[in-house]
Structure formats: C-alpha cells, structure tokens
Amino acid sequence: MSSSVSLPREIESSLRQKFDSDSFSNITKDFPYCKAVEKIVGRSLMTRILDKKNLQAEALLYEKQIIGLIVYKNDLQSRFSSERKDNFEIKKIMLLRADSSSKNYKQELLNRVITLAKRNFAKAVLITIEDSSNLLEFLQEKKFSIVKTWEKTAMFPKEHLIQYVFPSTTAIPTSINGRGANQINHGLSAGEEVIASSGKRKERDEEPEIFESNKSRNISQRVHNLPMKGTIYFEYIMSGKKNFEGRVCGPACNSMQVGDYLKLFDRRAGWGIICEISSKDWYKTFKEMLEAKGVLPLLPQLEEKSKSLSKEQLLQEGLRIYQSFPGSFRVNQYGAAAIGVKFIKKIYN
Numbered sequence: 482m483s484s485s486v487s488l489p490r491e492i493e494s495s496l497r498q499k500f501d502s503d504s505f506s507n508i509t510k511d512f513p514y515c516k517a518v519e520k521i522v523g524r525s526l527m528t529r530i531l532d533k534k535n536l537q538a539e540a541l542l543y544e545k546q547i548i549g550l551i552v553y554k555n556d557l558q559s560r561f562s563s564e565r566k567d568n569f570e571i572k573k574i575m576l577l578r579a580d581s582s583s584k585n586y587k588q589e590l591l592n593r594v595i596t597l598a599k600r601n602f603a604k605a606v607l608i609t610i611e612d613s614s615n616l617l618e619f620l621q622e623k624k625f626s627i628v629k630t631w632e633k634t635a636m637f638p639k640e641h642l643i644q645y646v647f648p649s650t651t652a653i654p655t656s657i658n659g660r661g662a663n664q665i666n667h668g669l670s671a672g673e674e675v676i677a678s679s680g681k682r683k684e685r686d687e688e689p690e691i692f693e694s695n696k697s698r699n700i701s702q703r704v705h706n707l708p709m710k711g712t713i714y715f716e717y718i719m720s721g722k723k724n725f726e727g728r729v730c731g732p733a734c735n736s737m738q739v740g741d742y743l744k745l746f747d748r749r750a751g752w753g754i755i756c757e758i759s760s761k762d763w764y765k766t767f768k769e770m771l772e773a774k775g776v777l778p779l780l781p782q783l784e785e786k787s788k789s790l791s792k793e794q795l796l797q798e799g800l801r802i803y804q805s806f807p808g809s810f811r812v813n814q815y816g817a818a819a820i821g822v823k824f825i826k827k828i829y830n
C-alpha cells in the first residue's frame, strides 16, 4: 500500500506554501489554496464544500503545510433508510504527506474525526474510502469494519464504506467532561471548565481505543474572553446559523489562534458559551468582511428581512448594524476580523 498520495507537481508546490496557523483549519472561499484543494477533490465536491449547506471540509495544518484533508457531512446520517440517523459521515479523508516519521499524521486525522463525531452526539462514524488509500489498513486496525464495497468502474475507483460504532458510554461530546451540554457547572472559571485536568484525565480514560492523544505536540488551548450584550447570538451559534463572530481586529483578536477556545458571556443574563476558533480572517473594512463571508453567517437575525431585500440592500443593512456597535470607528485603524466559531458548550455563573 502506498505511503503517500501521488499529486501533480503544481499541487505539491502549492501545499508547501506558508500558512498562519497550525492544527485544523476550515476550508472556506478565502482559504489560501482553494484551487489546489479543488484539484485534489474535484470541482463538483469543492463546490459543495464551499456552499456549506451539506458538506464541510478541514485541512490538517502542521509546521505550516497541509498534511491531510477531511470532508464531512453537516448532519448525522444512516447507512440505510430504515435506520436512525446517528452516524457521522466522512465523505473523503486523505493523507497528503506521509514523509515524516516524527508525527503520526494518520492518528491526527482520526483524532479529529472522532472529536467531530462525538461533538455531534454521533453513535458511529461512517467513512467512504478508496481501496488504494494509505489510510484504509490503519483504520481497519482501529476497529473500523467494511459494511459495503463498490467495485471499480470506468468512472470510479474501488471504494469501501467503513464504520466504527462507539461504545454506548462514550457517545458524548469530547469537550463536556462527562456532563450534559446544558447542565450547570458551578464554581469553575472558563479555563477550568474547558481544560480541567481531572475531567480531561477521566475523559481520556473513557475514550475508545482508537482515540489517542498526541502528547508530543504539547499544545495548550487558550481561552479568550469576549463580552456580549444579549444572548440572541448565543442561540444562533448553538443552532449553527451563526458561523462567524465579526469584530474590530484589535489587540484581543490579534492574540487568537485557530484551535483556541473563545468564551462569549453576558453577565446580566448570567450565562454564555464556549466555542472553538475554527478560522480567523482579517479584512480592511466591515464591508469587505460581509462581502467575503456573507451577511447571514455573520448576522443571521437578518434572515427573514433578507427575503424582501436585494443583495446590495442586505449588505448595506449588515454594514449599518456593524457601524452602530460601540467602538466600531476603530475598524479604520485596526481593520475587521471574522472569527470562525464552533459551539462547544454552555456555561453559567
């Protein structure tokens, strides 16, 4: 079995370019090397990824290079129509660079898959994988079993649908430390809630065999605090309607990195949420940010109003909202930041 994916020379060259952060990065329209990724996954799949209605994709970045790709469905699936939809489905998983013995990139990709699946309360993971993939044997060793095979045709290679079923005691989000997502957690700071050592030790002990922590990376995920007035945005983030938090890109935003945690909290309401920072992009103005990310992923409260507005009118309405925020004038000095947010858990006073 081949140890690496054979790529055209221009793609290999693109993949060696520099990036701003390590770890996993969500692939969006402003991802630096969308064209290179498109050559790997194909135009049709890339269009669906960027549309984000049904699919999302993440790139594994390490030492400022793309190491691997994961393409997954937004909603839980079933193998057959008669089954419950409780499977987290990976449409494509690829290891692009396997030329270093110092890092277990295969395990890095699998760790991310398990984290995403458990965050969605999945009871199993489904992966569509080519028979020639350099990951198939590894995943079978990790107790993935083949449930369906498609033979090679003139148009498509031989592929398998493989599945791993979680033990019933582990089908919970990895960040909740053994509690329900809405349960009150008294007496802990945000940092303690997210990375409490005792909770994490217990969680690792209860992980299925296939999930291994990569201690050699020694990454400490930091927590950044952003105050909020009103909880409506919390609800939008929790429901998946709000994908980005737009801010003036001041000193607080500059210190954020992909993979860090973000605490959004309303003191008057007495509760807030913890999110994972999935991306961070800088723009010269709020208008440029809204044009690049779209108005509704930043301001989903305009969804109903957008039905009666033109694209330009919706953009102007979004711009008006951002310009009405206290301190918005500072965008002229610092620019704007669109911070990708993935809901982790609810927190209380």
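For the sequence shown, position 213 matches number 694 in the numbering used here, and the numbering has no gaps at all.
Glycine is no exception: its CB is placed at the ideal position from the N, C-alpha and C atoms.
When the alpha-carbon of Val776 is set against those of Ser805, Tyr742, Gly727, the nearest one is in Gly727.
Listed in chain order, the non-local C-beta contacts of Ala538 below 7 Å within the same chain comprise Ile508, Ile530, Leu550, Ile551, Val552, local neighbours out to five positions each way being set aside. In the three-state reduction of the DSSP assignment, Ser720 falls in the helix class.
Within its own chain, the residues whose Cβ lies closer than 8 Å to the Cβ of Lys510, once the five positions on either side in sequence are excluded, are Leu531, Ala773, listed in chain order.
Between the alpha carbons of Ile718 and Gln588 lies a distance of about 29 Å. Between the beta-carbon of Phe569 and that of Ala598 there is about 4 Å, and that keeps the pair under the 8 Å contact cut.
Annotated as proximal: Ile758 and Ile820, with beta-carbon spacing under 8 Å. Linking Phe602 to Glu769 through their CA atoms gives a straight-line distance of about 36 Å. Straight-line spacing of the CA atoms in Asp556 and Lys572 works out to 12 Å.
As computed with DSSP, Cys756 is found in a beta bridge with Leu743, Phe824.
Only residues of its own chain outside the window of five on either side were considered, and among them Cys730, Gly816, Ala818 have a CB closer than 7 Å to the CB of Trp763, listed in chain order. If only complete runs of 3 or more residues are kept, the stretch 593-659 shows the beta strand (DSSP E) at 605-611, 626-631, 640-646, in order along the chain. Take Asp747, set aside five residues on each side of it, and the residues of its chain with a beta-carbon closer than 7 Å to its own are Met709, Lys710, Gly711, Thr712, Gly753, in chain order. By the beta-carbon neighbour count (other beta carbons within 10 angstroms, threshold 16), Phe647 is buried. Counting along the chain, no alpha helix (DSSP H) covers Gln782, and no H or E run does either. Here the stretch 777-790 lies against the stretch 799-806, with 3 or more beta-carbon pairs under 8 Å apart. In the DSSP assignment, Glu793 falls within the alpha helix (DSSP H) that extends over 792-804. For Leu526, there is no enclosing beta strand (DSSP E); the residue is part of the alpha helix (DSSP H) that begins and ends at 524-532.
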